[in-house]
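Novice: I have a structure I would like to understand better, so I am pasting it below and will then ask my questions one at a time.
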Amino acid sequence: MSDLTQAVEISGGIFALMMATQYGTRHFGWHKIALPVLAVSGFGYSYLKDAPTDHSSVMLYLVGAAIGLVFGVLAYASTAMWADRTTGSIMTRCGAAFVAVWLVAMVARIGFVWAVSDIPAFQTWVGEHMMSMHLTTEAIAPFFVIWALTMVAGRLAGLVARSRALRTQFDATRSATVSPVTAPVMTRTAG
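If you use the numbering used here, the sequence shown corresponds to residues 433 to 623, in order.
Listed below in structure tokens is the structure:
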């Protein structure tokens, strides 16, 4: 399998999963947390188990994590979240901005791999930089996987924190508006 095919499959698969499970108005519960984490972790394990761990590669992975964090914050910011007024269910809505963030991330990953594969000048430039930084080509796939993992994890961490705050706020509002009714106790005396 070529690097480009692999990049398209990984990035396209993550994009499709996120659109299928997150786009539109959805109930936010543990299933919305577990599914993306499990799917991306599956990709992560298969590509990270044999990843180079030398100093230069780890530095590259940290750059991938930083890029993923930026995209994760953008994906988080493009997700509306609220508590349903009657049930307290936490809801999310992801629209065009959410799609744009994920699309840019996917196109950036695929574009890089395509450029390295098909544009000789870019291939030379990347090769020279990789050599000067003591990187091997085996570090590229883990870089992109770490980017994707951090993007998903960063967004989810923000959503989990926001959902807890919304739940607390809903519970406080509900308990403040529902006060116990106290009726005078009537006793009957014989007489």
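Where is the CB? At the ideal position from N, CA and C, for every residue including glycine. No experiment lies behind these values; they were computed from the predicted model shown.
#1: Out of Asp482, Met562, Thr511, Met451, which one is the CA nearest neighbour of Arg594?
#2: Please return the same chain residues whose Cβ sits closer than 7 angstroms to the Cβ of His566, not counting the five positions on each side in sequence.
#3: Taking its Cβ as the centre, do 16 or more other Cβ atoms sit within 10 Å of Ile551, making it buried, or is it exposed?
#4: Whether or not the region 465–472 and the region 531–545 are in contact is what I'm after, with contact meaning three or more pairs of Cβ atoms, one per stretch, closer than 8 angstroms; do they touch?
#5: Within 10 angstroms of the Cβ of Ala622, are there 16 or more other Cβ atoms? Answer buried if so, exposed if not.
#6: Would DSSP call Ile551 helix, strand or coil?
#7: Measuring CB to CB, does Arg587 end up less than 8 angstroms from Ala471?
#8: Got a sec? Which residues, its chain only, sit under 7 angstroms from Val440 by beta carbon, not counting five neighbours each side?
#9: If you follow the alpha helix (DSSP H) that Gly520 is part of, which residue opens it and which one closes it?
#10: Run through DSSP, which three-state label would Gly527 get?
#11: What is the DSSP secondary structure of Ala452, counted as helix, strand or coil?
#12: With H, G and I counted as helix, E and B as strand and the rest as coil, what does DSSP make of His561?
Specialist: By the coordinates alone:
#1: Taking the first residue of the sequence shown as position 1, residue 594 is located at position 162. Of the listed residues, the one whose Cα sits closest to Arg594 is Thr511.
#2: Start at 1 with the first residue of the sequence shown, and residue 566 comes out as number 134. Closer than 7 angstroms at Cβ, skipping near neighbours: Ser488.
#3: Counting from 1 along the sequence shown, the entry for residue 551 is found at position 119. Classification for Ile551: exposed.
#4: no
#5: Taking the sequence shown and counting its residues from 1, one reaches residue 622 at position 190. In this predicted model, Ala622 has a pLDDT of only 48, less than 50, meaning its place in the structure is not dependable; the value taken from the coordinates is given anyway. Answer is exposed; the Cβ neighbour count stays below 16.
#6: Taking the first residue of the sequence shown as 1, we reach residue 551 at position 119. Note: Ile551 maps to coil in three-state DSSP.
#7: Indexing the sequence shown from 1 puts residue 587 at position 155. Indexing the sequence shown from 1 puts residue 471 at position 39. The answer is no: Cβ separation not under 8 angstroms.
#8: By one-based count along the sequence shown, residue 440 stands at place 8. For Val440, where only same-chain residues beyond five positions count, the Cβ hits under 7 angstroms are Ile542.
#9: Counting from one through the sequence shown, the residue named residue 520 turns up at place 88. Segment: none, Gly520 is in no alpha helix (DSSP H) and carries neither H nor E.
#10: Here residue 527 is taken as the residue at index 95 of the sequence shown, counted from 1. Correct three-state label for Gly527: coil.
#11: Looking up residue 452 in the sequence shown gives position 20. Helix at Ala452.
#12: Indexing the sequence shown from 1 puts residue 561 at position 129. Three-state DSSP puts His561 in a helix.
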